[in-house]
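Worksheet for the structure shown next.
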């Protein structure tokens, strides 16, 4: 890795000492960089933590490279100087890399280089994490047709398939996509990313497969794909900042700390603001307000604001969320206009709110739909409030507010008509318990925007409802507060009428905020640990329920039989509770009182899982899957060093 640019000396430090380090900046071939990872010429300093990017971030990275978009600079340190960090190869590099002496250490860009290396040059299945937080193995492909579709989001053209290269649906009973042979890849027009730097052999097989008139069209598509997509990989250049070997350890550590603090990327709102400014419209002022006038941001944040609180459930609605809703209306109108002109199929523009659509959003569309979009968000806040979702932190998915607002902007009756409201709630809970709005959701947002109103008017159910099946065993793995399904379960219990163990009050917003309601263990943590029950078991949502702060203090860490006796007998500060009343309070949480009174933890977990599952089935309107076909991947809801150890890919 030779660099020809003139070294630039770092400036004087705050303390007055010369930093003593020089750095050089040069563009460098991505292919050669990845080859250096494979050979061990480029390695990592051993103090960097090992990690694997999630599946959607990998797809996003590959999509950017495929379009020759920048993915950020790398920073390396030349070895052989006073800084003598122990090196280690990138995850998955061959044994040869372990024995090699690196010429450079990668200080910034580990995840990008590791992901690209494993997806392309390594030629082995990639360990990654799904949006549902499952550790899985994936091969990555580019859908040739989608990649050539100028209206499509490039990320949707990047596909991850299981280790056997067969995508199955209906719990393994049906094959949706089979790429297990080269012939199948050719027929499906799916190009494997493992061939992205050397596609000659694959191309030969592709040309042999496609013959005749149909084959000519396929070969023409292949030529376009090579020119417009694959050549971007071969010619891709990455800016590399290299600290030379004279750099001190103090300087290296400081630089490493600085480059790993993260930063806010320039988002679509900033770019649209600049475009609208050319036409004399101040988008930032419209959103944030000025001159004592509230902007849309503050108005939304204060919508359905509980007493004593500055903001409500819409506090985290972003400016790009508003733009997305406006884009959905604008692109739908464009599609309808095209349909009225007799256009069909691929000639019809997409209905979308993706980044590209936001950047193409004309000022006229913003002015036409901005008030309607804001009203949609206000109605969404009321809808969520009725579902006992009161705090932003308890919102299962921030992203699901976007289609909800777009739908309600034109379907206010869904807030007031019992049948329509039931359908909208069913759609919402399917999105939550199907865990469908975790990431890469632009396509789902657009589909729900188009499909849910049709359903409300008597048409077919939206795909979010029809395609979702909740797995019974998922309840056992809901342990993390950040999980959408975990938050959803808590809200659903409150909505269905759970009563506080001590006060017998429903958890409306007054009790929720006034009594500091939170989710707590039913069999207390301390009791579980004393009885040698593993945290993976007792931390499940099955053993948790919403309770007030004071009730949880009474529960403490003792056996359920003991704290129930305390509640029944009363204390100096709390009156006694009739046994029948207390049993009714417990039953409102879907708890079988007799099992709690006899401290039968195992039986309690089985029975409550059954009742929680029935509650989810009522909310989603769908039967849960109770079969023994396990879900793909391994639960990855562990944290810290344990998670890191599970995710490291051994060098092969």
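Numbering (our numbering), first residue to last: 3 to 654. Just so it is clear, CB atoms sit at the ideal spot from N, CA and C, and this is done for glycine as well. Just so we're clear, the structure is a prediction, and the values are computed from it rather than from any experiment.
**Asked** Are residue 506 and residue 587 touching if we call contact CB-CB under 8 Å?
**Response** What you label residue 506 is simply residue 504 of the chain shown in a count that begins at 1. What you label residue 587 is simply residue 585 of the chain shown in a count that begins at 1. It is a contact, given that the beta carbons lie within the stated cut-off.
**Asked** Taking contact to mean at least 3 C-beta pairs separated by less than 8 Å, is the stretch 270–280 in contact with the stretch 106–122?
**Response** The stretch 270–280 is not in contact with the stretch 106–122.
**Item:** Test item: CB-CB of residue 298 and residue 515 under 8 Å
**Value:** Along the chain shown, read from residue 1 onward, the residue named residue 298 stands at position 296. Along the chain shown, read from residue 1 onward, the residue named residue 515 stands at position 513. It is not a contact, given that the beta carbons lie outside the stated cut-off.
**Item:** Member of 271, 57 and 448 whose CA lies at the smallest distance from the CA of residue 330
**Value:** Working through the chain shown from its first residue, we reach residue 330 at position 328. Answer by Cα proximity: 448.
**Item:** Backbone CA spacing between residue 190 and residue 218 [nearest angstrom]
**Value:** Indexing the chain shown from 1 puts residue 190 at position 188. Indexing the chain shown from 1 puts residue 218 at position 216. About 15 Å.
**Request:** Consult DSSP for residue 22 and reduce its assignment to one of helix, strand or coil.
**Result:** Mapped onto the chain shown, residue 22 falls at position 20. In this prediction, residue 22 has a pLDDT of 42, which is less than 50 and means its spatial position is unreliable; nothing more can be read from the coordinates.
**Request:** Give the DSSP-derived three-state secondary structure of residue 292 in the structure shown.
**Result:** Position 290 of the chain shown, counting from 1, holds the residue named residue 292. Residue 292 carries a strand assignment under DSSP once its states are collapsed to helix, strand and coil.
**Prompt:** Looking at residue 294 and residue 303, is the spacing between their C-beta atoms short of 8 Å?
**Reply:** To locate residue 303, count along the chain shown from 1; it is residue 301. To locate residue 294, count along the chain shown from 1; it is residue 292. No, they are not a contact pair.
**Prompt:** Hey, residue 396 and residue 489 are a contact pair by Cβ (cut 8 Å); roughly how many whole angstroms apart?
**Reply:** Translated into positions along the chain shown, residue 396 becomes position 394. Translated into positions along the chain shown, residue 489 becomes position 487. The pair is a contact, with the Cβ atoms about 5 Å apart (cut-off 8 Å).
**residue 634, DSSP secondary structure in three states** = In the chain shown, counting from the first residue as 1, residue 634 sits at position 632. The answer is coil: DSSP assigns residue 634 none of H, G, I, E or B.
**Prompt:** Does DSSP put residue 277 in a helix, in a strand, or in coil?
**Reply:** In the chain shown, the residue the question calls residue 277 occupies position 275. Reduced to three states, the DSSP call for residue 277 is helix.
**Message:** For residue 39 and residue 28, I'd like the C-alpha separation in whole angstroms.
**Reply:** Within the chain shown, residue 39 is the residue found at index 37, counting from 1. Within the chain shown, residue 28 is the residue found at index 26, counting from 1. Whole-angstrom Cα-Cα distance: 18 Å.
**Prompt:** Per DSSP, which one or two residues make a beta bridge with residue 192?
**Reply:** Counting from 1 along the chain shown, the entry for residue 192 is found at position 190. According to DSSP, which records beta bridges pairwise, residue 192 is partnered with 145.
**Prompt:** Taking DSSP as the reference, what is the three-state secondary structure of residue 428?
**Reply:** Within the chain shown, the letter at position 426 stands for residue 428. Looking at residue 428 - three-state DSSP - the assignment turns out to be helix.
**Asked** Taking DSSP as the reference, what is the three-state secondary structure of residue 136?
**Response** As a working mapping, residue 136 is identified with position 134 in the chain shown. Under the three-state reduction of DSSP output, residue 136 falls in the strand class.
**Prompt:** Roughly how many angstroms lie between the CA atoms of residue 45 and residue 243, to the nearest whole one?
**Reply:** Your numbering for residue 45 matches position 43 in the chain shown. Your numbering for residue 243 matches position 241 in the chain shown. Taking the straight line from one Cα to the other gives about 15 Å.
**Request:** Identify every residue that forms a DSSP beta bridge with residue 106.
**Result:** The residue labelled residue 106 in the question sits at position 104 within the chain shown. BP columns for residue 106 point to 44 and 80.
**Helix, strand or coil at residue 264 [DSSP, three-state]** = For the purposes of this step, residue 264 is taken as residue 262 along the chain shown, with counting starting at 1. Bear in mind that a pLDDT of 49 at residue 264, under 50, signals an unreliable position, so the model cannot answer this.
**Item:** Whole-angstrom distance between residue 119 and residue 70, CA atom to CA atom
**Value:** As a working mapping, residue 70 is identified with position 68 in the chain shown. As a working mapping, residue 119 is identified with position 117 in the chain shown. If you take the alpha carbons of residue 70 and residue 119, they lie about 17 Å apart.
**Message:** According to DSSP, simplified to helix, strand and coil, what is residue 523?
**Reply:** Taking the first residue of the chain shown as 1, we reach residue 523 at position 521. Reduced to three states, the DSSP call for residue 523 is strand.
**Asked** What first and last residue would you give for the alpha helix (DSSP H) that runs through residue 691?
**Response** Given that the chain is displayed from residue 3 to residue 654, the structure contains no residue 691 and the question cannot be resolved.
**Request:** Using a threshold of 8 Å, state whether the C-beta atoms of residue 378 and residue 422 are closer than that.
**Result:** Counting from one through the chain shown, the residue named residue 378 turns up at place 376. Counting from one through the chain shown, the residue named residue 422 turns up at place 420. Not a contact, by the Cβ cut-off of 8 Å.
**Message:** Rounding to the nearest angstrom, what Cα-Cα distance links residue 603 and residue 166 in this structure?
**Reply:** For the purposes of this step, residue 603 is taken as the residue at position 601 of the chain shown. For the purposes of this step, residue 166 is taken as the residue at position 164 of the chain shown. Near 40 Å, if we compare the C-alpha coordinates of residue 166 and residue 603.
**Item:** Nearest-angstrom Cβ-Cβ length linking residue 283 and residue 627, presumed shorter than 8 Å
**Value:** Taking the chain shown and counting its residues from 1, the one referred to as residue 283 is at position 281. Taking the chain shown and counting its residues from 1, the one referred to as residue 627 is at position 625. With 8 Å as the limit, residue 283 and residue 627 do not qualify as a contact, their Cβ atoms being about 51 Å apart.
**Request:** Could you pull the start and end residues of the alpha helix (DSSP H) that residue 541 belongs to?
**Result:** Start at 1 with the first residue of the chain shown, and residue 541 comes out as number 539. Unbroken run through residue 541: none, as it is neither H nor E.
**Request:** Could you spell out the range, first to last residue, of the alpha helix (DSSP H) harbouring residue 207?
**Result:** Start at 1 with the first residue of the chain shown, and residue 207 comes out as number 205. Counting along the chain, the alpha helix (DSSP H) containing residue 207 begins and ends at 202–211.
**Request:** Would you identify the three-state DSSP class for residue 245, choosing helix, strand or coil?
**Result:** What you label residue 245 is simply residue 243 of the chain shown in a count that begins at 1. Three-state result, residue 245: strand.
**Asked** Which whole-angstrom value describes the C-beta separation of residue 522 and residue 547, a residue pair presumed to lie in contact below a C-beta threshold of 8 Å?
**Response** Sequence index remark: in the chain shown, residue 522 carries index 520 (1-based). Sequence index remark: in the chain shown, residue 547 carries index 545 (1-based). At roughly 7 Å, the Cβ-Cβ gap stays under 8 Å, so residue 522 and residue 547 are in contact.
**Prompt:** Apart from the five residues on each side of it in sequence, which residues of its chain come closer than 7 Å, Cβ to Cβ, to residue 619?
**Reply:** As a working note, residue 619 is residue 617 in the chain shown. The beta carbon of residue 619 is closer than 7 Å to those of 625 and 626 in its chain, skipping five residues each way along the sequence.
**Prompt:** Cα separation between residue 375 and residue 327?
**Reply:** As a working note, residue 375 is residue 373 in the chain shown. As a working note, residue 327 is residue 325 in the chain shown. Taking the straight line joining both Cα atoms gives about 6 Å.
**Message:** Can you check which of these residues, 199, 105 and 168, is closest to residue 125 by C-alpha distance?
**Reply:** Here residue 125 corresponds to residue number 123 of the chain shown, with the count starting at 1. Checking every option, the nearest Cα to that of residue 125 belongs to 199.
**Asked** Among residues of its own chain, excluding the 5 on either side of residue 188, which ones have a beta-carbon nearer than 6 Å to its beta-carbon?
**Response** Looking up residue 188 in the chain shown gives position 186. Closer than 6 Å at Cβ, skipping near neighbours: 208 and 211.
**Prompt:** Between residue 487 and the rest of its own chain, which residues show a CB-CB distance below 7 Å, the 5 nearest in sequence each way excluded?
**Reply:** Residue numbering aside, residue 487 sits at position 485 when the chain shown is read from its first letter. Within the same chain, residue 487 has close Cβ partners 434, 435, 437, 476 and 480.
**Prompt:** What are the boundary residues of the beta strand (DSSP E) that includes residue 659?
**Reply:** The structure shown does not extend to residue 659, since the chain is modelled only from 3 through 654, so no value can be given for it.
**Request:** Kindly provide the ranges of any alpha helix (DSSP H) runs that are 4 or more residues long and lie completely inside the stretch 285–339, ordered along the chain.
**Result:** Correct list: 285–290 and 298–303.
**Message:** Counting C-beta neighbours from all protein chains within 10 Å, is the total for residue 134 16 or more, i.e. buried, or is it exposed?
**Reply:** The count along the chain shown starts at 1 and reaches residue 134 at position 132. When all chains shown are included, residue 134 counts as buried.
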